[in-house]
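First up is the structure itself, then whatever we jot down about it.
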Amino acid sequence: MYFTDRGIEELEQRRGDEEVSLAWVGDQLRTFVDLHPEHETAVERLASWLARLDDDLDDEIDDTPRSTT
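So this is what it looks like as structure tokens:
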């Protein structure tokens with residue numbers, strides 16, 4: 004396990020059974036950046052990555068050859 008996985012594992016253990024909206028996650032990310040502006044770039048990258056997760060799947064579906072029969 005990487006050292007950075009410790010926080011992820013804690014999140015899963017403490018809050019893994021909860022359901023939250025992405026709006027709530029966005030609010031928490033904004034609050035975190037307000038408190039820790041030095042991490043703004045990493046948080047923005049994470050947010051963009053999460054927002055675009057389905058784009059790769061859509062691209063794969065669009066690139067799949069379709070039958071013309």
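Numbering-wise, the sequence shown is residues 4 to 72 according to this note's numbering.
Note that the Cβ used here is the ideal one computed from N, Cα and C, for glycine as well.
As the structure is a prediction and not an experimental result, all values here were calculated from the model.
Beta carbon of residue i, beta carbon of residue j: below 8 angstroms?
i, j, result
"Leu-3", "Val-46", "Nothing in the structure corresponds to residue 3, since the chain is present only between 4 and 72."
Starting from residue i, trace the alpha helix (DSSP H) in both directions and tell me its first and last residue.
i, result
"Asp-37", "25-38"
"Glu-47", "43-54"
"Glu-12", "8-18"
Please report the straight-line C-alpha distance between residue i and residue j, rounded to a whole angstrom.
i, j, result
"Asp-30", "Ala-50", "11 angstroms"
"Arg-18", "Ile-11", "10 angstroms"
"Arg-9", "Gln-16", "10 angstroms"
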